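> Which chain is which? The protein sequence lines are A and B, in order. When the letters of the first sequence are read in order and numbered with my numbering, they come out as residues 58 to 301. When the letters of the second sequence are read in order and numbered with my numbering, they come out as residues 358 to 789. C-beta: ideal position from N, C-alpha, C; glycine also. Since this is a predicted model, take the numbers as computed values, not measurements.
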Amino acid sequence: MPAKTDNDRREVMIRLQGVEKSFPTAAGVLQVLKGVNLELYRGEFIAISGPSGSGKSTLLGIAGCLDRPTGGEVFIGDVAVSKLSDDKEAELRNGLIGFVFQAFNLVQSLSIEENVEIPLFYAAVSRGERRRRAREALRRVGLDARRTHKPFELSGGEQQRAAIARALVRQPSVILADEPTGNLDSKTAGQILALFDEFHADGKLVLVATHDPGIAEHAQRRIHLSDGVVDSDSGSRPPSEPRP
Amino acid sequence: MDRLFDYLLSGLRGVLRHPLRSVLTVTGIVLAITALLSMMAVGEGARQQILKEMEQMGLRNIIVTSRRPPKKVAETSQSQQDWGPVAFGLTNKDLARCRAILPGLGLVHAPAVHELRNPVVMFGRKVNARVLGITEDYFKTFKVLLNRGRLLCAADGRLQTQACLLATPIPSEILRGRDPFGMVVSIGDKPFKVVGTITPQSRFMDTGVGGEGESGGHNAASNFVSIFIPFETAIGRFGPITIHVDQGKEEFYKLELDRVILECEDPLLAVKPLQAILDKGHKEVDYEITVPLEMLRQRQRTREVFNLVLLMVAGLTLLVGGMGIVNIMLVSVAERTKEIGIRRALGAKRRDILLQFLIETLALTVTGGLLGIAAGLGGVYGVAAYTGWPVSVTTSAVLGSFLVSVAAGVVFGLYPARRAAAVLPVVALRYE
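1. Using Cβ-Cβ distances below 8 Å, what residues of the stretch 135-152 of chain A are close to chain B?
2. Is the stretch 534-554 of chain B in contact with the stretch 508-523 of chain B, if contact means three or more CB pairs nearer than 8 Å?
3. DSSP three-state label for residue 471 of chain B, please.
4. By the DSSP assignment, the alpha helix (DSSP H) with residue 668 of chain B in it spans what residues?
5. Going along chain A in order, which residues have a C-beta closer than 7 Å to the C-beta of residue 696 of chain B?
6. Looking at chain A, is there any beta carbon in it that lies within less than 8 Å of the beta carbon of residue 571 of chain B?
7. For residue 148 of chain A versus residue 704 of chain B, is the C-beta distance shorter than 8 Å?
8. According to DSSP, is residue 750 of chain B part of a helix, a strand, or is it coil?
9. Hey, is residue 720 of chain B's beta-carbon within less than 8 Å of any beta-carbon in chain A?
10. Spell out whether any CB of chain A is found under 8 Å from the CB atom of residue 730 of chain B.
11. Measuring CA to CA, which of B:755, B:669, B:696, B:717 is closest to residue 780 of chain B?
12. Where do the N-terminal and C-terminal ends of the alpha helix (DSSP H) with residue 780 of chain B fall, by residue?
13. Less than 8 Å between the beta carbons of residue 421 of chain B and residue 721 of chain B, yes or no?
14. Based on Cα-Cα distance, which residue from B:731, B:427, B:461, B:460 lies nearest to residue 446 of chain B?
15. When DSSP labels each residue in this structure, what does residue 136 of chain A get in the three-state scheme?
16. List the DSSP bridge partners of residue 466 of chain B.
17. How is the alpha helix (DSSP H) around residue 451 of chain B delimited, first residue to last?
18. Name the one or two DSSP bridge partners that residue 74 of chain A has.
19. What number of angstroms, rounded off, separates the C-alpha of residue 266 of chain A from the C-alpha of residue 143 of chain A?
20. Listing by chain order, which chain B residues have their CB less than 8 Å from the CB of residue 179 of chain A?
21. Figure out for me which residue from A:169, A:74, A:133 has the closest Cα to the Cα of residue 91 of chain A.
22. Would residue 270 of chain A be called buried (16 or more neighbouring beta carbons within 10 Å of its own) or exposed?
23. Please look up how many angstroms separate the CB atoms of residue 377 of chain B and residue 649 of chain B, rounded, as I've assumed it's under 8 Å.
24. By a C-beta neighbour count over all protein chains shown, 10 Å radius and 16 as the cutoff for buried, is residue 108 of chain A buried or exposed?
25. Taking the alpha helix (DSSP H) that residue 327 of chain B belongs to, which residues open and close that run?
26. Taking residue 583 of chain B and residue 477 of chain B to be in contact with their CB atoms under 8 Å, please state how far apart those CB atoms are, rounded to whole angstroms.
27. Per the contact definition of three or more C-beta pairs closer than 8 Å, is the stretch 383-392 of chain B in contact with the stretch 629-643 of chain B?
28. Can you name the residues of chain A whose CB is closer than 8 Å to the CB of residue 653 of chain B?
29. Using a Cβ-Cβ cut-off of less than 7 Å, give me the residues of the stretch 654-685 of chain B that come near chain A, in sequence order.
30. What would DSSP say about residue 532 of chain B, mapped onto helix, strand or coil?
31. Would you say residue 278 of chain A and residue 101 of chain A are within 8 Å of each other, going by their C-beta atoms?
32. According to a CB-to-CB cut-off of less than 7 Å, which residues of the stretch 759-780 of chain B neighbour chain A?
33. Give a yes or no on contact between the stretch 395-409 of chain B and the stretch 684-694 of chain B, applying the rule of three or more CB pairs nearer than 8 Å.
34. Rounded to whole angstroms, what's the CA-CA distance from residue 291 of chain A to residue 177 of chain A? Just pull it up for me.
35. Mind listing the chain A neighbours of residue 360 of chain B? Cutoff is C-beta to C-beta under 8 Å, in chain order.
36. Under 8 Å, Cβ to Cβ, is there at least one residue of chain B near residue 262 of chain A?
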């Protein structure tokens with residue numbers, strides 16, 4: 058019997074098993090993911106890179122329960138996502154996963170504070186508690202003073218920090234970020250990365266889909282996608298090990 | 358509760374986000390609720406008015422009125438030249454037969470009226486007056502308040518006294534501050550002493566003298582006096598011949614009774630036997646039977662049809678308004694697809710999105726409903742003040758209108774809300 062590896066001892070947060078995803082198009086069926094197998098562990102900082110159309114965002118959406126695969130299975134912990142009801146999936150997204158998007162995806166009609174409160178609202182947290190926790194999250198990303206502002210009154214970097222505050226406010230175990238620095242200058246991108254580092258330092262899983270080689274270099278584990286398949290995976294290491 | 362309040366707040370924000378659009382959207386609902394409330398207020402007002410009128414006529418009464426048959430008119434001049442006055446209408450024999458037969462069918466009283474058309478002089482001036490010769494039981498059927506003096510009694514009839522009663526109010530131009538009690542009124546050159554003044558408690562048939570409300574003021578407004586004398590005096594002193602002046606031409610008729618009022622326990626039961634009694638004594642139909650209870654039912658049926666038409670108009674307006682709301686909410690769902698995606702990604706369940714859009718629609722329709730109620734109340738009372746129409750706004754009408762606006766919100770908001778809830782989060786997030 059082989060000896061247990063470090064990976065065997067660590068907690069698998071998300072497992073993708075033969076995941077396929079295809080879309081019907083006018084030109085026929087477009088196969089975006091072609092049997093992806095991945096195990097993503099608690100405490101990892103992972104960068105998924107690859108050319109445009111390689112399936113990074115699709116993979117992130119499926120891993121974050123925003124979308125369902127057309128083949129294979131996704132496990133969150135030990136739970137097969139395909140067995141979950143729509144409501145349970147929503148609860149999973151709300152409690153376990155924090156999303157950060159390239160386009161920030163803040164609700165323009167709401168203030169920054171109200172945007173940060175959204176995940177708490179769907180978790181049925183009382184209004185007073187929502188306010189308190191939203192302010193705390195905004196303080197953490199340095200936006201306390203801008204909490205009453207509307208998103209369009211903020212710079213790109215500030216909007217992304219607000220989006221990160223929103224992702225963190227429920228204290229999820231996983232952060233999924235799709236091109237989080239794609240719309241930002243390098244200095245602001247550095248600030249965002251520092252926030253992810255903070256989150257990672259808390260022992261959470263950070264999964265970033267990116268074109269940015271800087272982020273890829275920064276990550277603890279690097280996965281490269283090409284034409285819907287994982288063509289390289291630097292592999293998982295325990296958090297104690299230095300970055301490659 | 359906390360969440361519901363938040364949804365409500367979010368709904369109101371949705372309404373206020375596009376104020377002009379919201380106003381235009383709810384216009385249909387405002388109009389529908391205005392129409393609905395107005396319909397109910399006018400309908401209820403009419404119902405109460407009909408009921409009041411019928412009650413004043415007496416729902417237990419059957420009123421039989423003498424009518425000149427059409428061919429008698431044509432024959433009149435020729436007949437008068439040949440044989441003198443033409444006789445028609447109800448007779449004392451009819452009254453006697455009714456009084457003899459109908460008690461078995463619940464007849465309580467059967468007062469009769471003979472109206473005189475002779476000139477009347479009061480305080481030395483000719484006045485407009487209606488002189489009614491009434492049987493002694495008249496005031497048993499039509500209740501009066503005796504202000505002063507006494508009522509007419511059986512002895513007045515038997516002795517054919519020249520006593521009379523005046524109904525108040527008497528026009529002030531006639532009285533000029535003088536006391537009518539005890540004075541002498543000249544009716545067709547015959548002196549009648551005023552032995553009492555009365556205030557009607559119910560409307561007297563065909564006299565225009567009413568007991569309550571607007572009919573009570575009819576006397577004063579019309580500037581005429583109602584005078585009651587004993588029936589026997591009217592017939593005995595003046596005879597059954599009446600003179601009609603039509604376009605300067607005198608016409609003579611023999612008319613014993615102008616009206617007979619049959620107060621019955623069940624007028625609908627008594628009306629057929631009455632018809633049979635009258636048919637026997639009359640070769641042609643020279644009388645008219647009015648059953649206020651039957652009239653009430655007919656008018657209620659008419660009102661129901663009228664209400665149904667109004668209800669359909671209000672319903673169609675509501676439908677058109679509702680379609681506008683569905684349209685705008687679908688636009689709103691399309692515009693906010695990204696927001697739906699964001700909310701779904703952050704943990705909103707389908708029912709959260711459904712509830713959010715449903716409450717936004719409700720906020721629109723309830724706002725429309727409240728504006729409609731305000732407009733309806735303003736309109737109804739405005740029209741009532743201007744036209745004098747009877748209206749009645751009941752709590753149930755206001756509550757009903759409000760509930761209709763809530764129901765409209767649910768009905769018309771459900772489809773867009775379901776569309777919003779069905780949006781897939783990943784698709785919605787890609788939406789631009």
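To lay it out plainly:
1. Only those residues of the stretch 135-152 of chain A whose C-beta falls short of 8 Å from the nearest C-beta of chain B are listed: 143, 144, 147, 148, 150, 151, 152.
2. Flag = yes, the stretch 534-554 of chain B and the stretch 508-523 of chain B touch.
3. In the second sequence, counting from the first residue as 1, residue 471 of chain B sits at position 114. If DSSP states are grouped into helix, strand and coil, residue 471 of chain B belongs with the strands.
4. The residue labelled residue 668 of chain B in the question sits at position 311 within the second sequence. For residue 668 of chain B, the enclosing alpha helix (DSSP H) starts and ends at 649-692.
5. Numbered from its first residue, the second sequence carries residue 696 of chain B at position 339. Neighbours of residue 696 of chain B on chain A, chain order: 164.
6. If you number the second sequence from 1, residue 571 of chain B lands on position 214. The pLDDT assigned to residue 571 of chain B is 34, lower than 50, so where the model puts this residue is not dependable, and the model offers no usable value.
7. The residue you call residue 148 of chain A lines up with position 91 of the first sequence. The residue you call residue 704 of chain B lines up with position 347 of the second sequence. Cβ distance < 8 Å, so residue 148 of chain A and residue 704 of chain B count as in contact.
8. As a working mapping, residue 750 of chain B is identified with position 393 in the second sequence. Coil.
9. For this step, residue 720 of chain B is matched to residue 363 along the second sequence. By this cut-off, residue 720 of chain B is not an interface position.
10. Taking the first residue of the second sequence as position 1, residue 730 of chain B is located at position 373. Taking CB atoms only, residue 730 of chain B has no neighbour in chain A less than 8 Å away.
11. Mapped onto the second sequence, residue 780 of chain B falls at position 423. Minimum Cα distance to residue 780 of chain B is reached at B:696.
12. Here residue 780 of chain B is taken as the residue at index 423 of the second sequence, counted from 1. Premise fails: residue 780 of chain B is in no alpha helix (DSSP H) and is neither H nor E.
13. The residue given as residue 421 of chain B occupies position 64 in the second sequence. The residue given as residue 721 of chain B occupies position 364 in the second sequence. A distance of 8 Å or more separates the beta carbons of residue 421 of chain B and residue 721 of chain B.
14. Start at 1 with the first residue of the second sequence, and residue 446 of chain B comes out as number 89. Ranking the options by Cα distance to residue 446 of chain B, first place goes to B:427.
15. Indexing the first sequence from 1 puts residue 136 of chain A at position 79. Strand at residue 136 of chain A.
16. Here residue 466 of chain B refers to the residue found at position 109 of the second sequence. Beta-bridge pairing links residue 466 of chain B to B:620.
17. Reading the second sequence from its first residue, position 94 is the one you call residue 451 of chain B. Its alpha helix (DSSP H) spans residues 449-458.
18. As a first step, residue 74 of chain A must be located in the first sequence, where it is residue number 17. The bridge partners DSSP lists for residue 74 of chain A are A:130.
19. Here the question's residue 266 of chain A lines up with position 209 in the first sequence. Here the question's residue 143 of chain A lines up with position 86 in the first sequence. For residue 266 of chain A and residue 143 of chain A, the distance between alpha carbons rounds to 25 Å.
20. Taking the first residue of the first sequence as 1, we reach residue 179 of chain A at position 122. Ordered by position in chain B, the residues that pass the 8 Å Cβ test against residue 179 of chain A are 700, 703, 704, 705, 706, 709.
21. The sequence position of residue 91 of chain A within the first sequence is 34, counting from 1. Among A:169, A:74, A:133, the Cα nearest to that of residue 91 of chain A is on A:74.
22. Reading the first sequence from its first residue, position 213 is the one you call residue 270 of chain A. A residue is called buried once 16 or more other Cβ atoms fall within 10 Å of its Cβ, and residue 270 of chain A, having fewer, is exposed.
23. Here residue 377 of chain B is taken as the residue at index 20 of the second sequence, counted from 1. Here residue 649 of chain B is taken as the residue at index 292 of the second sequence, counted from 1. Not really, about 54 Å apart at Cβ, beyond 8 Å.
24. Locating residue 108 of chain A in the first sequence gives position 51, counting from the first residue. Counting the other Cβ atoms within 10 Å of the Cβ of residue 108 of chain A gives fewer than 16, which makes it exposed.
25. What is shown of chain B runs 358 to 789, which leaves residue 327 of chain B out entirely.
26. Stepping through the second sequence from its first residue, residue 583 of chain B is reached at position 226. Stepping through the second sequence from its first residue, residue 477 of chain B is reached at position 120. About 11 Å; that fails the 8 Å criterion.
27. By the Cβ test, the stretch 629-643 of chain B is not in contact with the stretch 383-392 of chain B, since fewer than three Cβ pairs between them sit closer than 8 Å.
28. Residue mapping note: residue 653 of chain B aligns to position 296 of the second sequence, counting from 1. Those within 8 Å of residue 653 of chain B in chain A number zero; the least Cβ separation is about 58 Å.
29. If you check each beta-carbon in the stretch 654-685 of chain B against every beta-carbon of chain A, none falls closer than 7 Å.
30. Indexing the second sequence from 1 puts residue 532 of chain B at position 175. Correct three-state label for residue 532 of chain B: helix.
31. Your numbering for residue 278 of chain A matches position 221 in the first sequence. Your numbering for residue 101 of chain A matches position 44 in the first sequence. Closer than 8 Å, so yes.
32. Contact residues of the stretch 759-780 of chain B toward chain A are absent (C-beta to C-beta distance below 7 Å).
33. The answer is no - the stretch 684-694 of chain B does not touch the stretch 395-409 of chain B, with fewer than three Cβ pairs under 8 Å.
34. One-based indexing of the first sequence puts residue 291 of chain A at position 234. One-based indexing of the first sequence puts residue 177 of chain A at position 120. Residue 291 of chain A and residue 177 of chain A have their C-alpha atoms roughly 36 Å apart.
35. Counting from one through the second sequence, the residue named residue 360 of chain B turns up at place 3. Correct list: 178, 181.
36. Counting from one through the first sequence, the residue named residue 262 of chain A turns up at place 205. In terms of beta-carbon proximity, residue 262 of chain A stays away from the interface with chain B, with every pair separated by 8 Å or more.
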